[in-house]
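Read the structure below first, then the notes.
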Amino acid sequence: MLEITTGKMTLRLSPPVMGASGAFGFAGEYGKLIDLSTLGALVTNPISLRARRAATGARVVPLDSGVLIHTGLPNGGIYKMHRQYAAKWRASPIPVIVHLIGTPEDLAECAAFLDQQAEIAAIELGINDALTAREVRAMVARVRAQTQLPLLAKLPLYQAVNLAAAAADGGANALVIAAPPRGTARDPLSGQLVGGRVYGPWLKPLAVRIVGQLAPRLSIPIIGCGGIHHPDDARDFFEAGARAVQLDSVVWARPEMVIAIAKAFSGGELTRAAGALADEWRPLGEPAERRTTLIPAPPPPHVPSPPEI
Amino acid sequence: MLEITTGKMTLRLSPPVMGASGAFGFAGEYGKLIDLSTLGALVTNPISLRARRAATGARVVPLDSGVLIHTGLPNGGIYKMHRQYAAKWRASPIPVIVHLIGTPEDLAECAAFLDQQAEIAAIELGINDALTAREVRAMVARVRAQTQLPLLAKLPLYQAVNLAAAAADGGANALVIAAPPRGTARDPLSGQLVGGRVYGPWLKPLAVRIVGQLAPRLSIPIIGCGGIHHPDDARDFFEAGARAVQLDSVVWARPEMVIAIAKAFSGGELTRAAGALADEWRPLGEPAERRTTLIPAPPPPHVPSPPEI
Amino acid sequence: MHQRQAVIERIRRVSAGVQRLELAVEPPQRALSGGQFFLARTTATYDPYLREAWLPVALNDKTIVVERPTRYQYLPNQVVDLLGPLGKPFPLRNSARALLLIAYEAAPSIFLLMLQSALARNSAATLVLIGQAQQYPLEALPSALEVIRAEHYETWAERAQHIAWADQIFAVAPPPYDLPAYMRLLEDAQRVRHAVSAELLYGIFQPPMPCGIGACQACLVRLQNGDEVPACTEGMAFDLTRVNLLQSLADSAGA
Amino acid sequence: MHQRQAVIERIRRVSAGVQRLELAVEPPQRALSGGQFFLARTTATYDPYLREAWLPVALNDKTIVVERPTRYQYLPNQVVDLLGPLGKPFPLRNSARALLLIAYEAAPSIFLLMLQSALARNSAATLVLIGQAQQYPLEALPSALEVIRAEHYETWAERAQHIAWADQIFAVAPPPYDLPAYMRLLEDAQRVRHAVSAELLYGIFQPPMPCGIGACQACLVRLQNGDEVPACTEGMAFDLTRVNLLQSLADSAGA
Ligand SMILES: Cc1cc2nc3c(=O)[nH]c(=O)nc-3n(C[C@H](O)[C@H](O)[C@H](O)COP(=O)(O)OP(=O)(O)OC[C@H]3O[C@@H](n4cnc5c(N)ncnc54)[C@H](O)[C@@H]3O)c2cc1C
Ligand SMILES: Cc1cc2nc3c(=O)[nH]c(=O)nc-3n(C[C@H](O)[C@H](O)[C@H](O)COP(=O)(O)OP(=O)(O)OC[C@H]3O[C@@H](n4cnc5c(N)ncnc54)[C@H](O)[C@@H]3O)c2cc1C
Ligand SMILES: Cc1cc2nc3c(=O)[nH]c(=O)nc-3n(C[C@H](O)[C@H](O)[C@H](O)COP(=O)(O)O)c2cc1C
Ligand SMILES: Cc1cc2nc3c(=O)[nH]c(=O)nc-3n(C[C@H](O)[C@H](O)[C@H](O)COP(=O)(O)O)c2cc1C
Ligand code: FES
Ligand code: FES
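Chains as they are written, first to last, in the numbering used here: chain A, 1167 to 1475; chain B, 1167 to 1475; chain C, 236 to 490; chain D, 236 to 490.
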């Protein structure tokens, strides 16, 4: 469990496993398929002040073990989205965190509005890759001034190391590390090179490294995100210093894995209270080994159990 | 073909397809398996001023469609390596480019030495991720002052956009975009989280995007590198603005593909002279489609040839 | 909707390009109608990352049959992970006596399950195979079906009559052919029928679908009323009079 | 060394954990000796990215037999891409009449091809299976072989005698067990034989091998003379008196 407290309220993430912004929809669309109440929270798809249209010919380019996608982040704008989803958010068995995108002015207006809505448990800010550290600090501070809701800042992979302190100084209560980078690939439908964000398991080693770099330096918690497809992946983030994790595109590939990961980190209150590491929590319903390895690999000498022969 | 000319000499890359630093060894080790003379040049594994030892328990962590590796960049130091390999470099049917790593002082000393060695066609500098633009400019300028050999600067993925102008201003004759980022993953042998560079096809969309961003802004040529596993991948880099490409870890996965890619860009002198784009060169011995796509995808309307049924 | 494992019991090659997989599935997944589909995962690795869209073409007692291009390889006894059924059943009207189905540069597989129901209640059905669609093996189609073949849309003989006489029309074309093909068809229908009423003319939208559940917004279709709705949950068939074809075509041309 | 396609002609399950694949290969790839190996690519996708190390255990007229753990799945008629043969043949001395082979927490597969030659010239061979190695199916071993089983290295009965009497000793242990296992063995040999001469005691080094060709430097073994040499081209067997075990062990403990 992770608790993030601000003046006004506490965001309690139990288990410390959330659905991330992008793949889970606006209000529990996946409830049709999986039991979302096993998660610690759900982050909405990105919402902007004004409505955004879908990218036409929305681009989905299959990559090796991954995919490039550009949706254009369509949404009806904060007021319409709130009218449309407030009842569902209120009925949600788990905390709802709204992911906001836009200019500092837009974000401040959205935050001021959400601050008044009891069904919102926290705000997550999508931080644009093009911003400098100074701009990020000012932007987060501006939003902070408008709301006492817990504020998460989601940083882009490449710039996370450079922007982390600024987001914390600006008043973020936790950092999400990291939003996936942009890429360019050939759209099989149009035959053109197109841009978009790239997703896949390969994101994990990149994000884990940055979590490991930042965790010792920051006083606010880090939420790991990127490429998590198995409880072992989440464990790597926890060991690197993350206090919670977000899952996203795994829900397309293996929806059942979302529940397996949430359950793997649902127990262990006792262990945790005794000071154990997050990755020593009692695993529940945990699936088998993450992947087979190239050369049959026994565990290290201190946990001897060599390969089957 | 790409020609890079400095006061002293011209590096002629024909075809504009090279073996990159890291996987091809120091002196044509792959000649045992493939015909290296089909390539436009070969970049050596990294060489430092003083000897470096191998990382003990060298870490190789299989990832989905990729691998994390940390070798420690072992080499005997520039003077010993030169004694050991000069004869082979002299006998090489294609230009040999030495990849140098180290501090600015080290690099300058290595460059001054290589400047006197006729068998060296060019120098490639490995630019450390931790350097600022100012440091990169100074470092490249310091090396430039020591040699008239063509100078390539290889930039790290995350910082390539920020460092490109500095490397060019410092006197680099071409930029290699990009060196793969670092990651952290669990070593199946030791059971520990370990660091290293990450390789795999997913690098391509990330690097192609940065080539596309930088190409219009720079007056020196860009050499694309990262995740190229098929002639179509190289074509994406050329279309994004690269003038040549480097191949690396594909040689582990599919050595024959190195030759296929080189041959695909070996012809077409005539077309090129008439002003055609690099990606319109006549493909020779080109293998079939890059990958199958999720939903049977016909080419775009302007090249109508719908799917087989 | 369910996520279940299924076993490939039998694989039949129907033609050079088409194969049919007979799948042992659990009862909830056999409760489906023409137009619904599955997202299937066939590998233990994450390559390919996204699921394949599988179209059922027949329902048996304990199995369903799906159709796949032969360039994908499967094995008997292979276990696959199925998500579905997804999407809405095609809105086949009970009163539709004359059905016109158009496959433009696409296999007509997606119509076969609906055809079963339609032919069972003695509707007449005409299938037009245009372009590469002509390669679809005729012996894999029900014999009660009238089949018309055309090299191009323009050379489809008696096009005007077919469009004028049909009680309902369903057309399939793969992206990026879909928008221009449906636009032309809608214009033709407007010309020969003067007015195109609602629930007459449907186009099938099959963009890549990462989630299939209405969550990721990668498959949105733009409607005349300004809404953008997921093809995976609201489609795959859309009433073409409700779709904002003009704006979508203009946008995709500029993209 | 060659890169060629091979076909899996037959798959035999030897035990719960071990299977043997019979491969139809081209002549150049059948010219190999015990200790050499292949790097195999079995998928059209890039997952897994690196090749699998395949160990030949028998040579037939037109095929070679390799041994693989059963947790990897293969199919008859599957086409695989083989790189090899790689590595140096094990330096089996003609004069070695008494051969001692030690498999420590590892299958003894890597010895089988060399054993064929040794037994053919009437050498005596003893194989010690330690720990999990005991699970290796005895019926898959040549009958002329003396087999000794031990739960731990320490409980290997008559260890001193075996080590003292052997003309040549080969040991295999998987990383990260390799360094400590070989160190202990070398110390034992030094104790019971007073001096360990060159070409007596070999350890097999099998780190992950991305290239197999001596180019990528991911598989270096540190020698006493300060050199670092690739296990893929100079190994996989190294004379343990030439390897800098002490420094390597110290470094890997600190890593
Ligand atoms: C930290 C962070 C993480 C993000 N993660 C994601 C993510 O995971 N997935 C995601 O989709 N977005 C993500 N976004 C948003 C995304 O990167 C873009 O910002 C967003 O999609 C709008 O595009 P743009 O800002 O690049 O603007 P532009 O590319 O200029 O686009 C502006 C508008 O034009 C349209 N458009 C642009 N190019 C095309 C085209 N070629 N064809 C058709 N329409 C086009 C788009 O609909 C968009 O609304 C993220 C943003 C941030 C700040
Ligand atoms: C642009 C660029 C691209 C690069 N690309 C690659 C690449 O593709 N592949 C690659 O291998 N290197 C690459 N390097 C070098 C690599 O990133 C490291 O700089 C290099 O391997 C030395 O490690 P380090 O600088 O991180 O120093 P450290 O990590 O501090 O290592 C210093 C020394 O300690 C040893 N060491 C460190 N950690 C361990 C450990 N856990 N176990 C055992 N020994 C350890 C290493 O042998 C190294 O020599 C690149 C460098 C640059 C500048
Ligand atoms: C369709 C889609 C849209 C997304 N939009 C955003 C966004 O606007 N801002 C953001 O920070 N992350 C966005 N994400 C990224 C996810 O929140 C998450 O960081 C990313 O998918 C990596 O996690 P994963 O590997 O578990 O998928 C989006 C993801 C998807 C799939
Ligand atoms: C073992 C190894 C060592 C490498 N060392 C360096 C290095 O020191 N500096 C560098 O810029 N790139 C280094 N590279 C990276 C390659 O030159 C290349 O940029 C990278 O592998 C991406 O290309 P690829 O996807 O074709 O493999 C190394 C690669 C490998 C495999
Ligand atoms: S496929 Fe995700 S919303 Fe339709
Ligand atoms: S595996 Fe590359 S040098 Fe040995």
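Note that CB positions come from ideal geometry on N, CA and C, so glycine has one too. Small disclaimer: the values here were computed from a predicted structure and weren't measured.
Taken in chain order, the complete alpha helix (DSSP H) segments of 4 or more residues contained in the stretch 1290 to 1315 of chain A are 1299 to 1310. Listed along the chain, the chain D residues whose CB falls inside 7 Å of the CB of T305(C) amount to none; the nearest CB is some 15 Å away. Distance check between P304(C) and each of A453(C), A331(C), T278(C), P343(C) places P343(C) closest, using alpha-carbon atoms only. Per the Cβ contact rule, the stretch 1384 to 1402 of chain A is not in contact with the stretch 1352 to 1360 of chain A (fewer than 3 Cβ pairs under 8 Å). Bounds of the beta strand (DSSP E) holding D474(D) are 472 to 474.
By the neighbour-count criterion, in which a residue is buried when 16 or more other Cβ atoms sit within 10 angstroms of its Cβ, G1362(A) is buried. In the three-state reduction of the DSSP assignment, C1391(B) falls in the strand class.
DSSP places N329(D) outside both helix and strand once states are collapsed to three, so it counts as coil. Residues of the stretch 1206 to 1219 of chain B with a C-beta atom less than 8 Å from some C-beta of chain D are N1211, R1219, listed in chain order. Closer than 7 Å to some heavy atom of ligand 6: that describes the Cβ of G449(D). Listed along the chain, the chain A residues whose CB falls inside 8 Å of the CB of E463(C) are R1219, A1220, P1240.
Taking 7 Å as the cut-off, the C-beta of Q452(D) counts as close to a heavy atom of ligand 6. With its beta carbon at least 8 Å from every one in chain A, C467(C) lies outside the interface. In this structure the stretch 1289 to 1296 of chain A touches the stretch 1317 to 1329 of chain A; the number of beta carbon pairs closer than 8 Å is three or more. The continuous alpha helix (DSSP H) containing M349(C) extends over residues 347 to 355.
In this model, A360(D) and L294(D) are separated by some 20 Å (Cα to Cα).
Residue range 1326 to 1336 is occupied by the alpha helix (DSSP H) that includes G1336(A).
Put simply, the CB of L336(C) is far from chain A, with every gap to its CB atoms at 8 Å or more.
Shortest Cα-Cα distance from V260(C) to any of I246(C), R239(C), R247(C) involves R239(C). Within 10 angstroms of the beta-carbon of V314(C) lie fewer than 16 other beta-carbons, which makes it exposed.
In this structure T277(C) is buried. Its beta-carbon is surrounded by 16 or more other beta-carbon atoms within 10 angstroms. Residue burial annotation: Q308(C) is exposed, with fewer than 16 other C-beta atoms found within 10 angstroms of its C-beta.
Relative to ligand 6, even the nearest heavy atom lies 7 Å or more away from the CB of M1247(A). In the DSSP annotation of this structure, the continuous segment of the beta strand (DSSP E) that includes T298(D) starts and ends at 298 to 304. For V1424(B), the closest Cβ of chain A is not nearer than 8 Å.
About 16 Å separates the Cβ atoms of V1411(A) and I1386(A), ruling out a contact at the 8 Å cut-off. Judged by the Cβ position, C446(C) qualifies as a neighbour of ligand 5 at the 7 Å threshold, a heavy atom of the ligand being closer than this.
Taking 8 Å as the CB threshold, P1261(A) stays off the interface with chain B.
If you draw a straight line from the Cα of E1195(B) to the Cα of G449(D), it comes to about 7 Å. Across the stretch 340 to 368 of chain D, no CB contact with chain C closer than 7 Å is found for any residue.
One finds L1229, D1230, S1231, G1232, V1364, G1366, W1368 in chain A with Cβ atoms closer than 8 Å to the Cβ of W1368(B), taken in chain order.
Using a Cβ distance threshold of 8 Å, D423(D) and I398(D) count as a contacting pair. Within 9 Å of the CB of H1395(B), the CB atoms of chain D belong to Y281, in sequence order along the chain. Nearest to G1392(B) by alpha-carbon distance, out of A1332(B), G1188(B), E1169(B), is G1188(B). Cα atoms of I1244(B) and A1193(B): separation of roughly 14 Å, rounded to the nearest angstrom.
For the pair W1418(B) and V1227(B), the Cα-to-Cα distance works out to about 15 Å.
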